[in-house]
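**Student:**
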Amino acid sequence: MVIPQLSNASVCMKDPQRVQDILVSMQKAGSNTLQVISDFDMTLTRFAVNGKRCPTCHNILDDSRLINEECRLKLKDLLNTYYPIEIDTSRPVAEKLPLMVEWWTKAHELLIEQKIKKDALAVAVQESEAMLRDGYTFFFDHLHEHSIPLLIFSAGIGDILEEVIRQAGVFHSNVNVFSNYMDFDELGVLQGFKGELIHIYNKREGALLNTGHFRELRARPNVLLLGDSLGDLTMADGVQDMETILKIGFLNDKVEERRPAYLDSYDIVLIKDETLEVPNAVLRFLTGDK
Ligand code: TMP
Ligand code: MG
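In terms of numbering that gives the first Met the number 0, the sequence shown opens at residue 0 and continues consecutively.
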C-alpha cells in the first residue's frame, strides 16, 4: 500500500488495488487539481466518546438552554422516531425521502417557536459537547496551507457548524459551507431558514443549485469526498468535468448491517474510527508531504 495507514484495523476496502490506482493518479495530477468535499455531522465531528454519543448541529440546540424542556422532549422524540429510519438499509431511499423531509420540517418548526436569538448561538456551542474528530487541526490547516478548497456540505445548521469550526480556530479562508442557514428578523430572533431545505437524501439537488461554486473550481477535477451517510455520496454531483473521485466513508453505527452497502459505495470504509488519521494520511500523500 502506498499509504501505511490503509492497513489500520479500522480500514475496509472492497478493491484495494483500485484505491491505490486512484491515489497514484490523483497524486500525479497534483494538489492544484484537487478539491475536498466533506459532510459535517458524524464525519468531521465525532460519533461518540467513551460510548456516549456526540451531538450533531441540531443536537447542540436540542441540548442547549436556548430551548425549553417541552421542546427538548419533542425534538428527542423526533430523533428517536426518524434516526432509525435514516440508517435503515432495508428501506429504499425513495420511501425514506418524504420521512426525512418530515423530520427536518418538524424540527425546524419547533426551533422557530423557541425564538432563538442569533447572539446566543456562540455560547450554546461553547457550552455543548461538540467535538471534531482527532486530527482536525492538521486536516483544516493542511488544506489551507496547500490552498485546497474545502466544501463542507451539511444537512445540519450552517450557523452552528460555522461556530463550531470558528471556535476550534479552523474556519480558514479556503472553507465554503452549503447548509441550512437560519434566517433572523431585525431583532436577531430566528424566524425561519433560508433557501431550499437540505436534508440527508437531497444533497444532489443542493449541489446542482450551486453551480457557481463548482464553476469556480472547474480547474480542480479531482475530488476527495468524506461522508458518513449513503446520502453523502451525491455531494459531488455538481462538480464540473470530474476526472477522479476518492470516497471515504465513516461507518459509525449498525456496522454489520450496513457494511456491505458501504463497501459497495465508498472506496475506503472506516469502521468505528473516531479519527481523521486516514483522511490526513491520504492528504499528506496527495500533497507530496511526508
Ligand atoms: P450532516 O449532513 O452534517 O451529517 O447533518 C445531518 C445529520 O443531522 C443527520 O445525521 C441527522 C441529524 N439530525 C439531528 O440530529 N437532529 C435533527 O433534528 C435533524 C433534523 C437532523
Ligand atoms: Mg453526517
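Ideal Cβ placement from N, Cα and C applies to all residues, glycine included. Everything numeric in this text was worked out from a predicted model, so none of it was measured.
1) Beta-carbon within less than 6 Å of Asn-279's beta-carbon, same chain only, minus the 5 sequence neighbours each way: which residues are those?
2) Bridge partners for Arg-257 per DSSP, in chain order?
3) If I follow the unbroken alpha helix (DSSP H) through Ala-154, where does it start and stop?
4) Considering only the alpha carbon of each residue, which of Gln-166, Leu-131 and Ile-66 lies closest to Lys-114?
5) Keeping to the same chain, check which residues put their C-beta closer than 6 Å to that of Ile-156; ignore five residues upstream and five downstream.
6) At what residue ranges does the segment 159-195 contain a whole run of the beta strand (DSSP E), taking only runs of 3 or more?
7) Taking Leu-275 as the reference, which of Arg-258, Gly-226 and Gly-194 has the closest Cα?
8) State the DSSP-derived secondary structure class of Thr-44, mapped to helix, strand or coil.
9) List in chain order the residues whose CB is within less than 7 Å of at least one heavy atom of the ligand MG.
10) Excluding the 5 residues preceding and the 5 following Cys-70 in the sequence, name in chain order all residues of the same chain whose CB lies nearer than 6 Å to its CB.
11) What did DSSP end up calling Lys-1 once you bin it into helix, strand or coil?
12) Give me the Cα-Cα distance between Leu-224 and Ala-260, rounded to the nearest whole angstrom.
13) Would you list, in sequence order, the uninterrupted alpha helix (DSSP H) runs of no fewer than 4 residues that lie entirely inside the segment 201-265?
14) Thinking Lys-116 and Gly-187 are a contact (beta carbons under 8 Å), I'd like their distance in whole angstroms, please.
15) Helix, strand or coil: which one does DSSP assign to Gln-113?
16) So what's Leu-65 in DSSP terms, helix, strand or just coil?
17) Write down the C-beta distance between Gly-248 and Tyr-265 rounded to the nearest angstrom, noting that I regard them as a contact closer than 8 Å.
18) Taking 8 Å as the cut-off, decide whether the C-beta atoms of Ser-37 and Ile-151 are in contact.
19) By DSSP's criteria, Val-323 is part of a beta bridge. Which residues make up the other side?
20) Let me know the secondary structure DSSP gives Asp-38 once reduced to three states.
21) So what does Asp-133 bridge to, in DSSP terms?
22) Kindly indicate which three-state DSSP category Arg-17 falls into: helix, strand or coil?
23) Quick check on the burial criterion: 16 or more other C-beta atoms within 10 angstroms. Buried or exposed for Leu-72?
24) Between the alpha carbons of Gly-168 and Leu-120, how many angstroms are there, rounded?
25) When we look at the beta-carbon of Ala-93 and count the other beta-carbons within 10 Å, is it buried (16 or more) or exposed?
26) Ends of the alpha helix (DSSP H) at Ala-119?
27) When we look at the beta-carbon of Ala-106 and count the other beta-carbons within 10 Å, is it buried (16 or more) or exposed?
28) Pick helix, strand or coil for Arg-52, following the three-state DSSP scheme.
29) Excluding the 5 residues preceding and the 5 following Thr-233 in the sequence, name in chain order all residues of the same chain whose CB lies nearer than 8 Å to its CB.
**Tutor:** On the basis of the supplied data:
1) Gly-134, Phe-137 and Phe-138
2) None; Arg-257 has no bridge partner.
3) No alpha helix (DSSP H) holds Ala-154; the beta strand (DSSP E) holding it covers 149-156.
4) Ile-66
5) Cys-56 and Asn-179
6) 174-179, 181-183 and 189-192
7) Gly-226
8) strand
9) Asp-38, Phe-39, Asp-40, Met-41, Thr-42, Gly-226, Asp-227, Ser-228 and Asp-231
10) Leu-109 and Gln-113
11) The question names Lys, but residue 1 is Val in the sequence shown. Three-state result, Val-1: coil.
12) 17 Å
13) 202-208, 210-215 and 254-264
14) 6 Å
15) coil
16) coil
17) 3 Å
18) yes
19) Missing from the structure shown is residue 323; the chain here goes from 0 to 289 and no further.
20) coil
21) Thr-274
22) helix
23) exposed
24) 17 Å
25) exposed
26) Where Ala-119 is concerned, there is no enclosing alpha helix (DSSP H), given that its DSSP letter is neither H nor E.
27) buried
28) strand
29) Lys-202, Arg-203 and Ala-206
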